[in-house]
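Quick notes on the structure that follows.
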Amino acid sequence: MKTGIKTKDMVLTALLIAIGIIIPIYFGFLRIVLPPGAFSATLMAHVPIFIAMFISPWSALFTAIGTTLGFAFSGLDPVVTARAGSHIIFAMVGAFMIKKHCNLILVGIVTALLHAVFEALTVYLFLALGLMQASNSSFVSIAFYTTGIGTLLHDIIDYVIACVVGFALTKAHAIPALPPLWFKKSVG
Numbered sequence: 003m004k005t006g007i008k009t010k011d012m013v014l015t016a017l018l019i020a021i022g023i024i025i026p027i028y029f030g031f032l033r034i035v036l037p038p039g040a041f042s043a044t045l046m047a048h049v050p051i052f053i054a055m056f057i058s059p060w061s062a063l064f065t066a067i068g069t070t071l072g073f074a075f076s077g078l079d080p081v082v083t084a085r086a087g088s089h090i091i092f093a094m095v096g097a098f099m100i101k102k103h104c105n106l107i108l109v110g111i112v113t114a115l116l117h118a119v120f121e122a123l124t125v126y127l128f129l130a131l132g133l134m135q136a137s138n139s140s141f142v143s144i145a146f147y148t149t150g151i152g153t154l155l156h157d158i159i160d161y162v163i164a165c166v167v168g169f170a171l172t173k174a175h176a177i178p179a180l181p182p183l184w185f186k187k188s189v190g
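If you read the sequence shown in this note's numbering, its first letter stands for residue 3, the second for the next number, and so on.
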């Protein structure tokens, strides 16, 4: 019986989940916190999710869920955990775009925009529901825009790193061939 999920892909997904949990917890020196404190980002934290997108939609889904659960169990701030939960959306959209052979630049633009919007909305919901303290109304807008713009920039940096790693993994036959970067032939 064929399930569509290869053992190799499951092992890679498990490794990506582990790496995705380890990076924000143990590599705090890669963390950037922007005032007024609503936004923090750990460089390379999204790389495992992007690589999972290159493998398959299932890998992307389970990596995003696994890293979110890892954040929750590790005691990270609930806002950070909720923001990680929003990764499920961009990971699935990106994985299906890659499966349909969309070029990697288009995938990067779409996922970066989705990522920024959903993380900003997550912070906004936490502020609106009173789960996060806001000193005044300007804090809310600053937090919203800081999170949105900060996430957009963080996503782009991590996506470029993931593409470089993805090309290397494709050459090593560890993951499927990537779609074209722009309008060229597939890599692999």
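Positions of the beta carbon are idealized from the N, C-alpha and C atoms, including for glycine.
This structure is a prediction, so every number in the text was calculated from the model and none was measured.
Thinking C-alpha only, which one of the options is nearest residue i?
{"i": "residue 33", "options": "10, 84, 152", "result": "152"}
{"i": "residue 169", "options": "72, 81, 52, 132", "result": "52"}
{"i": "residue 41", "options": "122, 181, 160, 75", "result": "122"}
{"i": "residue 126", "options": "50, 30, 82", "result": "82"}
Is residue i close to chain B? Criterion is C-beta to C-beta, closer than 8 Å.
{"i": "residue 96", "result": "Absence of chain B from the displayed structure is noted, only one protein chain being present."}
Beta-carbon separation of residue i and residue j under 8 Å?
{"i": "residue 66", "j": "residue 93", "result": "yes"}
{"i": "residue 156", "j": "residue 43", "result": "yes"}
{"i": "residue 9", "j": "residue 61", "result": "no"}
{"i": "residue 22", "j": "residue 72", "result": "yes"}
{"i": "residue 165", "j": "residue 115", "result": "no"}
How many Å lie between residue i and residue j at the Cα?
{"i": "residue 146", "j": "residue 130", "result": "11 Å"}
{"i": "residue 149", "j": "residue 88", "result": "13 Å"}
{"i": "residue 134", "j": "residue 142", "result": "10 Å"}
{"i": "residue 161", "j": "residue 108", "result": "12 Å"}
{"i": "residue 86", "j": "residue 101", "result": "23 Å"}
{"i": "residue 97", "j": "residue 144", "result": "31 Å"}
{"i": "residue 11", "j": "residue 103", "result": "19 Å"}
{"i": "residue 91", "j": "residue 171", "result": "24 Å"}
Would you call residue i buried or exposed, if buried means 16 or more other Cβ atoms sit within 10 Å of its Cβ?
{"i": "residue 174", "result": "exposed"}
{"i": "residue 28", "result": "exposed"}
{"i": "residue 128", "result": "buried"}
{"i": "residue 77", "result": "exposed"}
{"i": "residue 68", "result": "buried"}
{"i": "residue 181", "result": "buried"}
{"i": "residue 75", "result": "exposed"}
{"i": "residue 132", "result": "exposed"}
{"i": "residue 13", "result": "exposed"}
Check the C-beta distance from residue i over to residue j and give it rounded, since I have them as a contact under 8 Å.
{"i": "residue 159", "j": "residue 45", "result": "6 Å"}
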